[in-house]
Ligand SMILES: [Zn+2]
Ligand SMILES: [Zn+2]
């Protein structure tokens, strides 16, 4: 244990996801050793991100305005909707250049052990977008792990009675991985070879 | 000094993200009790562990011991139950409640718990076979796990004075069925068939379970859940998310 501001900083870092006590301590001492201007820039980036970044009111991707860049783009197709867990998955799929439709960001995957069910995700909002009638294909691009697959199964169960074609990324993505780690070619192929559920 | 190494059969109870691409895996092992181990790089698509460290898997695992967390060095799949549950949402949610219970009933790490291990393995196996309704497999697991923990509900004799039954009142705080003299205010009056179903599930008498109608099953599920939640310090997070829709697969 340290005293005062340095311990406060260690505690704050330690509350971040995936940061253990040792990493928190390393980060805190890195900040102490860094240039004052670098630290100011970091502090500003943190507060600005929290103040200025919003979530798109339509797809829940990160946005700087009411709607995100993709939802505002008139050249994107309105008949295909791709469901992902996190905003970083939108970035991964955009990199493949395979998809010209719109997205819906759930905000995670169904994980009962963590108390996350459909109501904790943007599922109701998805259903209301689908009921608008303009969407013909729903692509389920949740992570290829247990929670992501179960989430896809749940969504397919809910959406199929609406008469919308539901597809899932082709297997070929390794099981257990995060979508964001798939390289562009693999992810592009998985997209191209998506199968109907 | 080389770190001690061990190899064991295990069930994957929980996986949590750690750092950039690692996961912390909570295992219920056959001989070493509940342990938590780091699986390095497992979220990368090139991971040599592949999908063998996903939730609900029955695996053969090798770890090195660490001061707080162990490290997974090798893993082979024996039966990766999760692959079947992901195609059936009600089974996925029931399996989640089973592994969360197993985790909660092993509060102390590295304390061997062979009976609970075998019970949990059996429940996941029954769930994956698809012959029995997920909620019945789940209730049977809850009842037997509670019996191992020493707080099975009294289903025949009075929970307070042991007066031989049958009794008509059921009180969760009192510990199950209670006689007219011991009955606290607010006790429930379940049907005899619901109590019969709970007895059959506790004893594994599946013949007696066949054909019990949905109303009775729901009544028994409610009593089992109330009894379980009363005894666990905080409720199971997965229990309200169990999907009780009836599917056949
Ligand atoms: Zn948007
Ligand atoms: Zn009594």
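Chains as they are written, first to last, in my numbering: chain E, 18 to 214; chain R, 539 to 787.
Backbone N, C-alpha and C define an ideal beta-carbon position, used for all residues, glycine too.
Source: prediction; values computed, not measured.
Fill in: Candidates E:199, E:203 and E:184, of which the one nearest residue 211 (chain E) by Cα
Position 194 of the first chain, counted from the start, is the residue given in the question as residue 211 (chain E). That would be E:184, whose Cα lies nearest to the Cα of residue 211 (chain E).
Worksheet item: DSSP state of residue 601 (chain R), grouped into three classes?
Response: Stepping through the second chain from its first residue, residue 601 (chain R) is reached at position 63. Note: residue 601 (chain R) maps to strand in three-state DSSP.
Item to complete: Go to residue 563 (chain R), then tell me how far its alpha helix (DSSP H) extends in each direction, as first and last residue.
Response: By one-based count along the second chain, residue 563 (chain R) stands at place 25. Segment 560-567 is the beta strand (DSSP E) holding residue 563 (chain R); no alpha helix (DSSP H) there.
Fill in: Validate contact between the segment 743-751 of chain R and the segment 766-777 of chain R using beta carbons, cut 8 angstroms, 3 pairs
no
Practice prompt. Could you list which residues in chain R have their beta carbon closer than 7 angstroms to that of residue 35 (chain E), in chain order?
Written response: Taking the first chain and counting its residues from 1, one reaches residue 35 (chain E) at position 18. Within 7 angstroms Cβ-Cβ: 555, 556 and 557.
Worksheet item: In angstroms, rounded to a whole number, what distance separates the CA positions of residue 609 (chain R) and residue 651 (chain R)?
Response: Against the second chain, residue 609 (chain R) aligns to sequence position 71. Against the second chain, residue 651 (chain R) aligns to sequence position 113. C-alpha separation (whole angstroms): 21 angstroms.
Discussion item. Would you call the segment 634-643 of chain R in contact with the segment 186-205 of chain E, where contact means no fewer than 3 C-beta pairs closer than 8 angstroms?
Written reply: no
Fill in: Backbone secondary structure at residue 208 (chain E) - three-state DSSP
In the first chain, residue 208 (chain E) corresponds to position 191, counting from 1. Helix at residue 208 (chain E).
Worksheet item: Given that residue 638 (chain R) touches chain E, what residues does it touch there, using C-beta distances under 8 angstroms?
Response: Within the second chain, numbered from 1, the residue matching residue 638 (chain R) stands at position 100. Ordered by position in chain E, the residues that pass the 8 angstroms Cβ test against residue 638 (chain R) are 129 and 130.
Item to complete: Measure the C-alpha to C-alpha separation of residue 617 (chain R) and residue 128 (chain E) and round it to an integer number of angstroms.
Response: Position 79 of the second chain, counting from 1, holds the residue named residue 617 (chain R). Position 111 of the first chain, counting from 1, holds the residue named residue 128 (chain E). Distance between the alpha carbons of residue 617 (chain R) and residue 128 (chain E): 21 angstroms.
Worksheet item: Less than 6 angstroms between the CB of residue 698 (chain R) and some heavy atom of ligand 2, yes or no?
Response: Working through the second chain from its first residue, we reach residue 698 (chain R) at position 160. Flag set: Cβ of residue 698 (chain R) near ligand 2.
Worksheet item: How about residue 88 (chain E): is its Cβ closer than 6 angstroms to a heavy atom in ligand 1?
Response: By one-based count along the first chain, residue 88 (chain E) stands at place 71. Yes - ligand 1 has a heavy atom lying nearer than 6 angstroms to the Cβ of residue 88 (chain E).
Worksheet entry | Against chain E: residues of the segment 586-601 of chain R by CB proximity under 8 angstroms | 587, 588, 589, 590, 591, 592, 593 and 594
Worksheet item: What separation, rounded to the nearest whole angstrom, lies between the Cα atoms of residue 594 (chain R) and residue 132 (chain E)?
Response: Residue mapping note: residue 594 (chain R) aligns to position 56 of the second chain, counting from 1. Residue mapping note: residue 132 (chain E) aligns to position 115 of the first chain, counting from 1. Taking the straight line joining both Cα atoms gives about 17 angstroms.
Item to complete: Taking 8 angstroms as the threshold, find out whether the segment 63-80 of chain E comes into contact with the segment 43-54 of chain E through three or more Cβ pairs.
Response: no
Worksheet entry | CB contact check: residue 614 (chain R) to chain E, cutoff 7 angstroms | Here residue 614 (chain R) corresponds to residue number 76 of the second chain, with the count starting at 1. By this cut-off, residue 614 (chain R) is not an interface position.
Practice prompt. Label residue 663 (chain R) either buried or exposed according to how many other C-beta atoms from any shown protein chain fall within 10 Å of its C-beta, with 16 as the threshold for buried.
Written response: Here residue 663 (chain R) is taken as the residue at index 125 of the second chain, counted from 1. Exposed: under 16 other Cβ atoms inside 10 Å.
Practice prompt. Would you mind working out which of R:643, R:687, R:707 and R:568 sits nearest residue 656 (chain R), comparing C-alpha positions?
Written response: Here residue 656 (chain R) refers to the residue found at position 118 when the second chain is read from its first residue. Comparing Cα positions, the closest option is R:568.
Worksheet item: Roughly how far, in whole angstroms, is the beta-carbon of residue 158 (chain E) from the beta-carbon of residue 106 (chain E), given that I think they are within contact range, below 8 angstroms?
Response: As a first step, residue 158 (chain E) must be located in the first chain, where it is residue number 141. As a first step, residue 106 (chain E) must be located in the first chain, where it is residue number 89. Contact holds; Cβ gap of about 7 angstroms.
Worksheet item: Near residue 722 (chain R), what residues of its chain come up, given a Cβ to Cβ distance below 8 angstroms and the 5 sequence neighbours on each side ignored?
Response: Here residue 722 (chain R) is taken as the residue at index 184 of the second chain, counted from 1. Closer than 8 angstroms at Cβ, skipping near neighbours: 709, 711, 712 and 716.
Worksheet item: Quick one: what's got a C-beta closer than 7 angstroms to residue 632 (chain R)'s C-beta in the same chain, skipping five residues either side?
Response: Counted from its first residue, the second chain places residue 632 (chain R) at position 94. If we look at residue 632 (chain R) and ignore the five residues flanking it on each side, its Cβ neighbours are 665, 672, 673, 675, 676 and 780.
Worksheet item: Nearest CA to the CA of residue 70 (chain E): which residue from E:57, E:58, E:121 and E:84?
Response: Here residue 70 (chain E) refers to the residue found at position 53 of the first chain. It is E:84 whose Cα lies nearest to the Cα of residue 70 (chain E).
Worksheet item: Any chance the CB of residue 479 (chain R) is under 6 angstroms from a heavy atom of ligand 1?
Response: A question about residue 479 (chain R) goes unanswered here, because the residues of chain R that appear run from 539 up to 787.
Discussion item. Does the distance between the C-beta of residue 720 (chain R) and the nearest non-hydrogen atom of ligand 2 fall short of 6 angstroms?
Written reply: In the second chain, counting from the first residue as 1, residue 720 (chain R) sits at position 182. Checking every heavy atom of ligand 2 against the Cβ of residue 720 (chain R), one is found closer than 6 angstroms.
Discussion item. At the 7 angstroms Cβ level, is residue 166 (chain E) part of the contact set with chain R, yes or no?
Written reply: Position 149 of the first chain, counted from the first residue, corresponds to residue 166 (chain E). Taking Cβ atoms only, chain R reaches closer than 7 angstroms to residue 166 (chain E), which makes this a yes.
Worksheet item: Is it buried or exposed for residue 787 (chain R), if we count other Cβ within 10 angstroms and need 16 for buried?
Response: As a working mapping, residue 787 (chain R) is identified with position 249 in the second chain. Bear in mind that the predicted position of residue 787 (chain R) carries a pLDDT of just 43, short of 50, making it too unreliable to give a figure here.
Discussion item. Measuring alpha carbon to alpha carbon, tell me which residue in E:62, E:120, E:35 and E:113 is nearest residue 89 (chain E).
Written reply: Start at 1 with the first residue of the first chain, and residue 89 (chain E) comes out as number 72. Of the candidates E:62, E:120, E:35 and E:113, the one whose C-alpha sits nearest the C-alpha of residue 89 (chain E) is E:120.
Discussion item. Between residue 779 (chain R) and chain E, is the shortest Cβ-Cβ distance under 7 angstroms, so that the two count as touching?
Written reply: The count along the second chain starts at 1 and reaches residue 779 (chain R) at position 241. Yes, contact with chain E.
Fill in: residue 699 (chain R), buried or exposed, once every other Cβ within 10 Å from all chains shown has been counted against 16
Walking along the second chain from the start, residue 699 (chain R) turns up at place 161. That one is exposed.
Worksheet item: Does ligand 1 have even one heavy atom less than 6 angstroms from the beta-carbon of residue 221 (chain E)?
Response: Examination of residue 221 (chain E) is not possible in this model, given that chain E is present from 18 through 214 alone.
Discussion item. Counting C-beta neighbours from all protein chains within 10 Å, is the total for residue 585 (chain R) 16 or more, i.e. buried, or is it exposed?
Written reply: The residue given as residue 585 (chain R) occupies position 47 in the second chain. Residue 585 (chain R) is buried by the Cβ-count criterion.
Worksheet item: At which residues does the beta strand (DSSP E) containing residue 781 (chain R) begin and terminate?
Response: Taking the second chain and counting its residues from 1, the one referred to as residue 781 (chain R) is at position 243. Residue 781 (chain R) -> no beta strand (DSSP E), and no H or E assigned at all.
Fill in: Spatial distance of residue 182 (chain E) from residue 207 (chain E) (CA atoms)
Taking the first chain and counting its residues from 1, one reaches residue 182 (chain E) at position 165. Taking the first chain and counting its residues from 1, one reaches residue 207 (chain E) at position 190. Straight-line Cα distance between these residues: approximately 17 angstroms.
Discussion item. Below 9 angstroms on C-beta distance, what does residue 118 (chain E) contact in chain R?
Written reply: If you number the first chain from 1, residue 118 (chain E) lands on position 101. None at all; the shortest Cβ gap to chain R is about 24 angstroms.
Discussion item. Give me the residue from E:30, E:179, E:18 and E:161 with the minimum Cα distance to residue 625 (chain R).
Written reply: The residue you call residue 625 (chain R) lines up with position 87 of the second chain. It is E:161 whose Cα lies nearest to the Cα of residue 625 (chain R).
Fill in: Extent of the continuous beta strand (DSSP E) run through residue 88 (chain E)
In the first chain, the residue the question calls residue 88 (chain E) occupies position 71. First-last for residue 88 (chain E): 86-89, but that is the alpha helix (DSSP H), not the beta strand (DSSP E).
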